[in-house]
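Asks: These protein sequence lines map, in sequence, to chains X and Y. Read in the working numbering, the first sequence has 92 at position 92, and its numbers run on one by one without any break. Read in the working numbering, the second sequence has 1122 at position 122, and its numbers run on one by one without any break. Sharing a structure, written as structure tokens. Questions coming.
2 protein chains.
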Amino acid sequence: MSRVATGNLVEGQDAEPDLSRCPVRDVLDHIGNKWTALILLTLNASPSRFSQLQRAVPDISKRMLTQVLRDLERDGLATRQVFATKPPTVEYRLSRQGESLMTPLIGLVQWADLHHDAMRAARKTYDEGLALLAAR
Amino acid sequence: MSRVATGNLVEGQDAEPDLSRCPVRDVLDHIGNKWTALILLTLNASPSRFSQLQRAVPDISKRMLTQVLRDLERDGLATRQVFATKPPTVEYRLSRQGESLMTPLIGLVQWADLHHDAMRAARKTYDEGLALLAAR
DNA sequence: CCGCATCCGTAACGATACTG
DNA sequence: CAGTATCGTTACGGATGCGG
């Protein structure tokens, strides 16, 4: 396992800021944005065209969808295939790498389904506690 | 499993925007921010005081650390315990909920460790491809 | 149909100084 | 030690319009 488990999250403070950061940060910074994980899950369900993805995730803008797809392609998590039809057809699908990410990602999804209610309840309780303090 | 696996990421387009969003989004929006996952992993390694956390993650600001800890507490993922020493001591630790998150989260960490190099290589290749195009 | 470019508002985040 | 308050910057993301 990585250094993380030891509690030493970053390399000892070397003079070099060092660009290639901790793998954990790198990966989380990528799937952590608002849309990436959702698109990955959608592509996992089935390879899709641009417009299909827009329908699957209705509240993403074209701008963001394009950007997320470029990033996935760049990171080697998805592939882009253009068909010279008219009008053109572009299909996105998960790469091997992308598929391998699904296992841990689906783990998170399952956790989310199981614990979402409890989390929302905890938030409510916490906020009500604050409200009591504010009322004085 | 949730609707996600079917590719239907959000509820059918009901008139209600509905505040309580898809669990997946909710959870990812929380651990997806720049620091939360890192703090969770650190707390998992061992319960820690505020300043210990700062040392474990040297490049987080006090402002952000405070905010992340408040959010974790609010979501019921971590607990905050104050000891009336002088100067005061505050210890944070994972709650049961928080611990249950560790399983899927560590899955992601392991994936990151395994695939980080390949991802960086893919990026490099991609960027070089772009450079070739730009050179013409 | 696909997707790039532009403009712009809003958050997230960082640095610093100050308090119990 | 463990925060809060304030300020400034940056990057994320939405809306729209053009082009292949």
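Yeah, the Cβ is synthetic: ideal placement off N, Cα and C, and Gly gets one too.
Tell me whether P1088 of chain Y is buried or exposed, calling it buried when 16 or more other Cβ atoms sit within 10 Å of its Cβ.
Replies: Position 88 of the second sequence holds residue 1088 of chain Y. P1088 of chain Y is exposed by the Cβ-count criterion.
Asks: For L114 of chain X, count neighbouring Cβ atoms within 10 angstroms of its own Cβ and tell me buried if that reaches 16, exposed if not.
Replies: Counting from 1 along the first sequence, the entry for residue 114 of chain X is found at position 114. Exposed.
Asks: Tell me, to the nearest whole angstrom, how far the beta carbon of T1042 of chain Y is from that of V1057 of chain Y; I am working on the premise that it is less than 8 angstroms.
Replies: In the second sequence, the residue the question calls residue 1042 of chain Y occupies position 42. In the second sequence, the residue the question calls residue 1057 of chain Y occupies position 57. Confirmed, about 6 angstroms.
Asks: Given this structure, state the Cα-to-Cα distance separating R1096 of chain Y from G1107 of chain Y, to the nearest angstrom.
Replies: On the second sequence, residue 1096 of chain Y is found 96 positions in, with the first residue counted as 1. On the second sequence, residue 1107 of chain Y is found 107 positions in, with the first residue counted as 1. Using only the alpha carbons, I get a separation of about 18 angstroms.
Asks: Give the range of the alpha helix (DSSP H) segment to which V27 of chain X is assigned.
Replies: For the purposes of this step, residue 27 of chain X is identified with residue 27 of the first sequence, where counting begins at 1. Residues 23-31.
Asks: Going by the CB atoms, is the gap between Y1126 of chain Y and R21 of chain X shorter than 8 angstroms?
Replies: Here residue 21 of chain X refers to the residue found at position 21 when the first sequence is read from its first residue. Here residue 1126 of chain Y refers to the residue found at position 126 when the second sequence is read from its first residue. No, they are not a contact pair.
Asks: Quick one: residues in its chain with C-beta nearer than 8 angstroms to the C-beta of D1071 of chain Y, no 5 flanking neighbours on either side, listed in chain order?
Replies: For the purposes of this step, residue 1071 of chain Y is taken as residue 71 along the second sequence, with counting starting at 1. Within the same chain, D1071 of chain Y has close Cβ partners H1030, T1036.
Asks: Quick one: does G1098 of chain Y have its CB under 8 angstroms from some CB of chain X?
Replies: Position 98 of the second sequence, counted from the first residue, corresponds to residue 1098 of chain Y. Taking Cβ atoms only, chain X never reaches closer than 8 angstroms to G1098 of chain Y, which makes this a no.
Asks: For A131 of chain X, collect the residues of the same chain with a Cβ closer than 6 angstroms to its Cβ; drop the 5 residues on either side in sequence, then sort them by chain order.
Replies: Counting from 1 along the first sequence, the entry for residue 131 of chain X is found at position 131. Contacts found: none.
Asks: Could you list which residues in chain X have their beta carbon closer than 8 angstroms to that of P1104 of chain Y, in chain order?
Replies: If you number the second sequence from 1, residue 1104 of chain Y lands on position 104. Those within 8 angstroms of P1104 of chain Y in chain X are P104, G107, L108, Q110, W111.
Asks: For A1084 of chain Y, return the contacting residues in chain X, with the cut-off set at a CB-CB distance below 9 angstroms.
Replies: Start at 1 with the first residue of the second sequence, and residue 1084 of chain Y comes out as number 84. Here the premise fails: no neighbours, minimum Cβ distance about 19 angstroms.
Asks: Less than 8 angstroms separating the beta-carbons of R25 of chain X and L1038 of chain Y?
Replies: Walking along the first sequence from the start, residue 25 of chain X turns up at place 25. Walking along the second sequence from the start, residue 1038 of chain Y turns up at place 38. Cβ atoms of R25 of chain X and L1038 of chain Y: closer than 8 angstroms.
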